[in-house]
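Numbering (this note's numbering), first residue to last: 92 to 410. Even glycine gets a Cβ: it sits at the ideal position worked out from N, Cα and C.
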Amino acid sequence: MWRMCLVGMVGGFSFAAAGQDSPAQRGVDLAISGRCTEAILLLDQAMRDEHIKTAEKRTVSTAGIRCSMLLNQQNDVMSFLAWLQQQYPRDPEILFLAVHVFSDLSQRNAHELMSSSPESPLVIQLNAESFEKRRDVARAIAEYRILLRQVPDKQGIHYRIGGLLMSQSSMADAPEEAKKEFQEEIKLNPQNASAEFYLGELELQENNLSQAIEHYKRATIIYPGFAEAYGRLGGALLDSGRTADAVAPLEQAVILKPDDPAFHLSLATVYLRSGRKADAEREYALQKSTSEKINQNIKTLRKTVSGEPAAAADPAKQR
92 MWRMCLVGMV GGFSFAAAGQ DSPAQRGVDL AISGRCTEAI LLLDQAMRDE
142 HIKTAEKRTV STAGIRCSML LNQQNDVMSF LAWLQQQYPR DPEILFLAVH
192 VFSDLSQRNA HELMSSSPES PLVIQLNAES FEKRRDVARA IAEYRILLRQ
242 VPDKQGIHYR IGGLLMSQSS MADAPEEAKK EFQEEIKLNP QNASAEFYLG
292 ELELQENNLS QAIEHYKRAT IIYPGFAEAY GRLGGALLDS GRTADAVAPL
342 EQAVILKPDD PAFHLSLATV YLRSGRKADA EREYALQKST SEKINQNIKT
392 LRKTVSGEPA AAADPAKQR
């Protein structure tokens, strides 16, 4: 895979500053030819050479990643990749490369864990997560329950089971079972803001507004940056007729997540009911503009995926 993915990314420079037969050039040539044991020391040496340009080191680093992966030298892989990500943080080619690196390293370490410690509870958790990714909910829950029998005080597992149960709309008792799992999670970890949030969601589904409000409040206390919890808290307070109390959490939701049109709409509603017409109009305008921005981004993404050419700029609008 690595020869196919990277061979097109490790050429194109002559390393003129260091000479045609420099260690950098020789290292890249050896990497392309697959002679990685010889190449890796030269590539590492090149990365330490202050006379080599950044653009040329990009080629060296990419070749270094290829060889480090083939030699399974994971520390070196991360070192080369870290340099690329620091120098080119938004470069699509580097981001694409990072996706493949992390995916491959994840698989390698999973296989190593399974082969070296097959009886470890972590292997059971890995299997459960694998089923979860494949959306095999029943088998994922079964594996998580096996894990809890071995490690009953392990944090995060009841939460995972609760989340999976919430996705099972066909199960009549799924909400009640999910609630039990989140409650068990909070016993083990009272600082789990997400478990509190989902307990609020489940109470809201049953129209238990006062209980939902308390769970949302606790979620915001545990994690002050939880925009969704502030938003749901404000919405629940508004539905309870506590309009004045709903203002502060909704304002905080908008501060934390200004590009979410739903928060602007909820805040506009609260302002309107509070008699703050000008503030309400401002939030309605922001709700409209953020919605339009999201819709435009979706259209752009669809065109990109479908291969449609981007619309040409209107010269009249550029004047």
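The alpha carbon of residue 285 has as its nearest neighbour, out of 296, 310, 269, the alpha carbon of 310. If you ignore the 5 residues before and after residue 237, its C-beta comes within less than 7 Å of the C-beta of 215, all in its own chain and listed in chain order. For the pair residue 175 and residue 151, the CB atoms are not nearer than the 7 Å cut-off.
Assignment of residue 179 by DSSP, reduced to helix, strand and coil, places it in the coil class.
Exclusion of the five residues before and after residue 343 leaves 321 as the residues of its chain whose Cβ lies within less than 6 Å of its Cβ. For the segment 119 to 166, the full-length alpha helix (DSSP H) segments reaching 4 residues or more read 127 to 138, 145 to 162 along the chain.
By the criterion of at least three beta-carbon pairs nearer than 8 Å, the segment 124 to 131 is in contact with the segment 153 to 160.
With fewer than 16 neighbouring CB atoms inside 10 Å of its own CB, residue 132 falls in the exposed class.
The Cβ atoms of residue 326 and residue 301 lie no closer than 7 Å to each other.
In this structure, residue 249 lies near residue 272, with their beta-carbon atoms less than 7 Å apart. Within the same chain, and ignoring the five residues on either side of residue 149 in sequence, the residues whose Cβ sits closer than 8 Å to its Cβ are 175, 178, 179. Assignment of residue 317 by DSSP, reduced to helix, strand and coil, places it in the coil class.
Taking 7 Å as the cut-off, the beta carbon of residue 318 is found closer than this to the beta carbon of residue 347. By the C-beta density criterion, residue 183 is exposed, having fewer than 16 other C-beta atoms within 10 angstroms. The Cβ-Cβ distance between residue 154 and residue 122 falls below 7 Å. Per DSSP, the continuous alpha helix (DSSP H) segment holding residue 257 begins and ends at 248 to 257. Counting only unbroken stretches of 4 or more residues, the alpha helix (DSSP H) elements lying wholly within the segment 293 to 348 are 300 to 313, 318 to 330, 334 to 347, in sequence order. For residue 256 against residue 263, the beta-carbon gap comes to about 12 Å, at or over 8 Å, which does not count as contact.
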